[in-house]
Structure formats: C-alpha cells, structure tokens
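For the sequence shown, the working numbering puts the final residue at 454, and the numbers step up evenly by one. Have a look at the structure below, then the notes.
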Amino acid sequence: MTKTVRVAVTGAAGQVTYGMLARLASGEVFGPETQVILQLLEIPKDPSRQGLQAMDILEGVVMELDDCSFPTLKDVVITDDPMKAFDGANFALLVGSFPRKQGMERKDLLDINGKIFVGQGKALAARAAKDVRVVVVGNPCNTNCLVAYNNAKGIPAEQWSALTRLDHNRARTALAKKAGVPNADVTRMTIWGNHSNTQYPDFTNAKINGKPATEAITDRAWLEGTFVPMIQKRGAAVIEKRGSSSAMSAANGTIDHVKGLVTATPADDWVSMAVVSKGEYGVPVGMVFGYPCKTDGKGNYTVVEGLSLDAFGKGKFDATLKELTEERESVKALLG
Ligand code: NAX
119 MTKTVRVAVT GAAGQVTYGM LARLASGEVF GPETQVILQL LEIPKDPSRQ
169 GLQAMDILEG VVMELDDCSF PTLKDVVITD DPMKAFDGAN FALLVGSFPR
219 KQGMERKDLL DINGKIFVGQ GKALAARAAK DVRVVVVGNP CNTNCLVAYN
269 NAKGIPAEQW SALTRLDHNR ARTALAKKAG VPNADVTRMT IWGNHSNTQY
319 PDFTNAKING KPATEAITDR AWLEGTFVPM IQKRGAAVIE KRGSSSAMSA
369 ANGTIDHVKG LVTATPADDW VSMAVVSKGE YGVPVGMVFG YPCKTDGKGN
419 YTVVEGLSLD AFGKGKFDAT LKELTEERES VKALLG
C-alpha cells in the first residue's frame, strides 16, 4: 500500500451514494495498492425533529462499510461540516442536493441548490487538495457545477465536471439492444449539453463495431423519434416503475466517470462528461456543457473536437444550449 486517496462524498446517506461507497472503498476504482479515506458529508441533525435523520442513516452506512472489511479502506470520516469533509480531498463527489418537490418551479430548485453549491465551492477552495477533481452529480448538475466552480477561486476549470455518464450508458445500451449486439460493441457515444430532458444523445457520431451506428440501425425514424426521447426521459421512466429515482445506475455512472478520470480512454472510444467549456463547438466559455471527452488516466481530459452534427442534431444541440443559457442566467447572482 503506497498511496492514499481522500474521497469526499456529499449526500452520503442518500440512495445514489449507497450504491457507490462500497465500490469506492473496495479497490475497484483506485486499485488494490491505494488506500481510500472516505470523507462523508450530510446535513446536520435537527434537534427539533423526531425519528431517523440523514446523520443516523449515515452512521448505519458506516457500520456496513466496517462490516465489508475492505483491505483498501483506511478510514471513514462523517461530518456535517463541508470544511472537514473537503479537507485534503483528492476527489469530491457532490451528490447531495435539495430534491425538487411538487409545485416547485425549476427556478426555485436552481435557487435553493445554487446556495448549497456556493458554500461547497468556497469550502472546496479553502480545504481541498491542489489536485482535487470535483464531480457534480446532484441536480441540476451542470448548473450546480457552474455555481460551485465560480465560487471556488483557485481550483482550475479543468478540475470540474458534472455527470452525463449515466445518460451515456443508457444511450449505449439502447443502441446495442436495437442493433442486437453486446453493449461493448457500441463506442463513441456522446451526450451533448445538459443532464436534463433537453440533452442530445448523439447517434450520428456513435459507432457499432467500428462502423457508423446509422449503418447498423437504418431506421432513422426510430433513432430520432424513439431513441432520443427515450434517453432524454429515461430518468422519469425509471421513477414511474421503481417509485424512486435511478440510484444503482446513477451510482454506476458516477463510478464509471471517476474510473474514466483515473484510467486513460481507449484510443477508439470516448466518454461523455459535462465540463467547463473553453468555447468548443461555439458554446460560451465557462458554461458547464456535456461533451465527448478523452482522458489521460491522470485526472485530465480533452474535449474531442471536429465532430459534425446534421440538421437534426444541430437543432437538438441548440435546444440544450438554450436551456443551459437560461439556467445560467437564473443563477447569475450566485456566480461570484
Ligand atoms: P437522496 O434524496 O436519496 O439523497 C440525497 C442526500 O443528500 C440526502 O441524504 C440529503 O440529506 C443529502 N443532502 C442534501 N443537502 C445536502 C447538503 N447541503 N450537504 C450534504 N448532503 C446534503 O437522493 P439520491 O437519489 O441519492 O440523488 C442524489 C442526487 O443525484 C439528486 O440531486 C438527484 O437528482 C441526482 N441524480 C443525478 C443524476 C445524474 O445523472 N446527474 C442521476 C441520478 C440522480 O437522480
């Protein structure tokens, strides 16, 4: 055991995190030679409230982590103080956020969550390790990432990302099923834009067995009229069946995202991540936008440039860009 990695996780008593923590601790992500310290953040206990609270649940989760007896898990810290949770963190997985409640406008959600991410951005800047990689999962994840990044002076843009990997995985499987091939045969999937129902899962640049996906799946009406809306609304479809939002698959997407950062992307493939734009594909500089990315295995990525979109794709791209522009406008006051 030569190396130690500190992984801060927020929303640590939640459903998504429950599917992630054992995998982070087990060596699956950081390897058998790396010791993991989990630094878990939850909201403070409310003494006026009766019954089980997030901190109680988190204590139970920590008992379970102990009971896994992972040789790679060095320590677990639980706290309600972001300064403590982010102290020396090499990775910060920001999963916790305020859920949308019935009757709430998207703007209200952006506002409540925006404030959480202002504080977490500042705490990350004050306490995280210089090499910290921040991954935002809590929704609306692109804009939460934008807010945190803008309030974390000193943490470079290249160290921030938000999760579109679950959408990527969903899209990949859907194309594989339609083409009747194993999931692994589908490569170069891209989720453009926002992790929301305006995202564009790009079938035009995807490959199946190294050839354009549109050669394996020639039913363009299915691709445009069924596949795209199915991926855009997949989260809602899971809620309808399961009664609660995607958790196992979201945890898996987050694990894939982090693995994607610590493992170089294969030469003939790329991954989907929402990252701080440098203006690629005409997106305003500084916007957190879903792109195809390649990673070097050392936490660094580059956006894959030079892809073209047809008229259908351009329309979808513009729609998701418009939504992110509006989201950015509505949190303008929080951008430091
Ligand atoms: P849960 O409600 O089960 O868990 C969220 C946890 O966050 C709760 O335990 C809550 O106490 C905690 N929390 C709230 N505010 C906090 C704060 N300021 N600091 C620390 N912890 C805080 O939700 P879950 O199903 O786990 O989903 C977590 C987040 O992931 C949600 O925002 C959800 O919308 C988002 N998702 C994002 C996905 C993506 O692909 N980007 C997909 C799945 C998931 O829906």
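Just so it is clear, CB atoms sit at the ideal spot from N, CA and C, and this is done for glycine as well.
Does DSSP put residue i in a helix, in a strand, or in coil?
{"i": "residue 412", "result": "strand"}
{"i": "residue 407", "result": "strand"}
{"i": "residue 218", "result": "coil"}
{"i": "residue 303", "result": "helix"}
{"i": "residue 199", "result": "coil"}
{"i": "residue 255", "result": "coil"}
{"i": "residue 207", "result": "coil"}
{"i": "residue 134", "result": "helix"}
{"i": "residue 246", "result": "coil"}
{"i": "residue 385", "result": "coil"}
{"i": "residue 453", "result": "coil"}
{"i": "residue 170", "result": "coil"}
{"i": "residue 119", "result": "The predicted position of residue 119 is uncertain, since its pLDDT is 47 and thus under 50; no value can be drawn from it."}
{"i": "residue 294", "result": "helix"}
{"i": "residue 337", "result": "coil"}
Does the separation of the CB atoms of residue i and residue j fall below 8 Å?
{"i": "residue 332", "j": "residue 322", "result": "yes"}
{"i": "residue 328", "j": "residue 408", "result": "no"}
{"i": "residue 168", "j": "residue 195", "result": "no"}
{"i": "residue 289", "j": "residue 313", "result": "no"}
{"i": "residue 161", "j": "residue 185", "result": "no"}
{"i": "residue 421", "j": "residue 398", "result": "yes"}
{"i": "residue 261", "j": "residue 445", "result": "yes"}
{"i": "residue 306", "j": "residue 324", "result": "yes"}
{"i": "residue 159", "j": "residue 217", "result": "no"}
{"i": "residue 382", "j": "residue 414", "result": "yes"}
{"i": "residue 369", "j": "residue 137", "result": "yes"}
{"i": "residue 230", "j": "residue 250", "result": "no"}
{"i": "residue 209", "j": "residue 144", "result": "no"}
{"i": "residue 388", "j": "residue 351", "result": "no"}
{"i": "residue 372", "j": "residue 211", "result": "yes"}
{"i": "residue 175", "j": "residue 131", "result": "yes"}
{"i": "residue 367", "j": "residue 284", "result": "yes"}
{"i": "residue 357", "j": "residue 319", "result": "no"}
{"i": "residue 266", "j": "residue 394", "result": "no"}
{"i": "residue 135", "j": "residue 253", "result": "no"}
{"i": "residue 240", "j": "residue 269", "result": "yes"}
{"i": "residue 299", "j": "residue 326", "result": "yes"}
{"i": "residue 129", "j": "residue 215", "result": "yes"}
{"i": "residue 247", "j": "residue 207", "result": "yes"}
How many Å lie between residue i and residue j at the Cα?
{"i": "residue 437", "j": "residue 391", "result": "18 Å"}
{"i": "residue 439", "j": "residue 245", "result": "33 Å"}
{"i": "residue 430", "j": "residue 228", "result": "29 Å"}
{"i": "residue 450", "j": "residue 236", "result": "12 Å"}
{"i": "residue 124", "j": "residue 428", "result": "43 Å"}
{"i": "residue 147", "j": "residue 154", "result": "10 Å"}
{"i": "residue 316", "j": "residue 442", "result": "9 Å"}
{"i": "residue 334", "j": "residue 406", "result": "32 Å"}
{"i": "residue 309", "j": "residue 278", "result": "17 Å"}
{"i": "residue 303", "j": "residue 297", "result": "10 Å"}
{"i": "residue 291", "j": "residue 301", "result": "5 Å"}
{"i": "residue 183", "j": "residue 220", "result": "34 Å"}
{"i": "residue 119", "j": "residue 191", "result": "Annotation note: pLDDT 47 at residue 119 (below 50); position unreliable, no value reported."}
{"i": "residue 122", "j": "residue 151", "result": "9 Å"}
{"i": "residue 255", "j": "residue 287", "result": "15 Å"}
{"i": "residue 401", "j": "residue 166", "result": "47 Å"}
{"i": "residue 225", "j": "residue 454", "result": "18 Å"}
{"i": "residue 127", "j": "residue 452", "result": "23 Å"}
{"i": "residue 396", "j": "residue 330", "result": "28 Å"}
{"i": "residue 232", "j": "residue 222", "result": "15 Å"}
{"i": "residue 341", "j": "residue 177", "result": "46 Å"}
{"i": "residue 343", "j": "residue 173", "result": "44 Å"}
{"i": "residue 258", "j": "residue 282", "result": "11 Å"}
{"i": "residue 133", "j": "residue 419", "result": "28 Å"}
{"i": "residue 295", "j": "residue 179", "result": "35 Å"}
In this structure, what does DSSP give as the bridge partners for residue i?
{"i": "residue 155", "result": "124 and 193"}
{"i": "residue 311", "result": "408"}
{"i": "residue 320", "result": "308"}
{"i": "residue 393", "result": "279 and 407"}
{"i": "residue 227", "result": "In DSSP, residue 227 forms no bridge with anything."}
{"i": "residue 421", "result": "411"}
{"i": "residue 325", "result": "305 and 330"}
{"i": "residue 212", "result": "128 and 254"}
If we define contact as Cβ-Cβ less than 8 Å, is residue i a contact residue for chain C?
{"i": "residue 213", "result": "Of the protein chains in the structure, only one exists, and it is not chain C."}
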